[in-house]
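Asks:
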Amino acid sequence: MTGTPVGNDIRRWRFERGEMTQQVLADACSVTRQTIIALEAGRYAPSLELAFRIARAFGVGIEDVFHWREA
Amino acid sequence: MRSPNERYARNALAMFTGLGIYATWGLVLVERPRATTFIAIAAVLALSWGFRRRSLRDWQRRSETMEDERDHAVRAAGDHGFRIAMSFWTVGLAFVVALWSSQAPVLSGERLSGLLLLGVIVANLAGHAVVVWRYRQQRP
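Protein chains in written order, with the numbering used here: chain W, 1 to 71; chain F, 1001 to 1140.
1. Chain F beta carbons: is any one of them nearer than 8 Å to that of A41 (chain W)?
2. Mind checking the segment 1066 to 1094 of chain F against chain W and listing, in chain order, the residues whose C-beta falls within less than 7 Å of any C-beta there?
3. Whose Cβ in chain W lies nearer than 8 Å to the Cβ of S1003 (chain F)?
4. Helix, strand or coil for G61 (chain W), going by three-state DSSP, please let me know.
5. Are the C-beta of A38 (chain W) and some C-beta of chain F separated by less than 8 Å?
6. Run through DSSP, which three-state label would V1030 (chain F) get?
7. Among F:R1139, F:V1130, F:P1140 and F:F1038, whose alpha-carbon lies nearest the alpha-carbon of A1012 (chain F)?
8. Which residue or residues does DSSP assign as beta-bridge partners of H67 (chain W)?
9. When Cβ atoms are compared, which residues of the segment 42 to 57 of chain W fall closer than 9 Å to chain F?
10. According to the Cβ coordinates, are T1017 (chain F) and L1125 (chain F) closer than 8 Å?
11. Step through the CB atoms of chain W and report whether any lies within less than 8 Å of the CB of Q1060 (chain F).
12. Who are the neighbours of P1140 (chain F) on chain W, taking C-beta pairs under 9 Å?
13. Tell me whether the beta-carbon of R1052 (chain F) lies closer than 8 Å to the beta-carbon of Y1008 (chain F).
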């Protein structure tokens, strides 16, 4: 398994929020920068709690950031 | 940059590989294993529980990023690998001893205790290998 069916637009939202760095987002969500990297690369599916934290950090709803990738 | 958890797993892989070679040579291959070798290896295995805790304290002191949910998930996969390897080793060894212990001297007496200890080392190796593999898999 190299990918996850949960896709996301984290990178796009970071840039739309004034080029927020991965580290700033990681600190806002209480995770490591490596986790943000893995999420952006689609290599890790976050828990529901982390997904909400990330969406809240961008000030948007969870479905604006995460989506189900059809096979 | 690798996470402290991944660095620890890599170091542990190297340590348990060395310990495994030493245990194979000192407890299984030699005709009469020494009690001191057994005790030394058993002591390292017993203390290895504390190695990670010490590493955690070191990371805290250096203010490195601590663990998050992804690290916990990877560690859980490593624990799963440990349990599977330990079960296979123990059941396999029990099976082999039950069938062939009278014909193979390596399966009896002091050398059997070495084989049991070697199982713990192999299970640790498997667990840390799973951790390293999962981190590598998640890297872009």
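Cβ atoms here follow ideal geometry from the backbone N, Cα and C, with glycine treated the same way.
Replies: Inspection of the coordinates gives the following:
1. Judged by the 8 Å Cβ criterion, A41 (chain W) is in contact with chain F.
2. The residues in question are D1068, E1069 and R1070.
3. Within 8 Å Cβ-Cβ: T32 and Q34.
4. Three-state result, G61 (chain W): coil.
5. Closer than 8 Å: yes.
6. Reduced to three states, the DSSP call for V1030 (chain F) is coil.
7. If we check each option's Cα against that of A1012 (chain F), F:V1130 comes out closest.
8. According to DSSP, which records beta bridges pairwise, H67 (chain W) is partnered with W:G7.
9. Those residues of the segment 42 to 57 of chain W that come within reach of chain F (Cβ to Cβ, closer than 9 Å) are G42, R43, Y44, P46, S47, E49 and L50.
10. Their beta carbons are under 8 Å apart, which means T1017 (chain F) touches L1125 (chain F) by this criterion.
11. No, because no Cβ of chain W sits closer than 8 Å to the Cβ of Q1060 (chain F).
12. Within 9 Å Cβ-Cβ: I37, A38, E40, A41, G42 and R43.
13. Yes.
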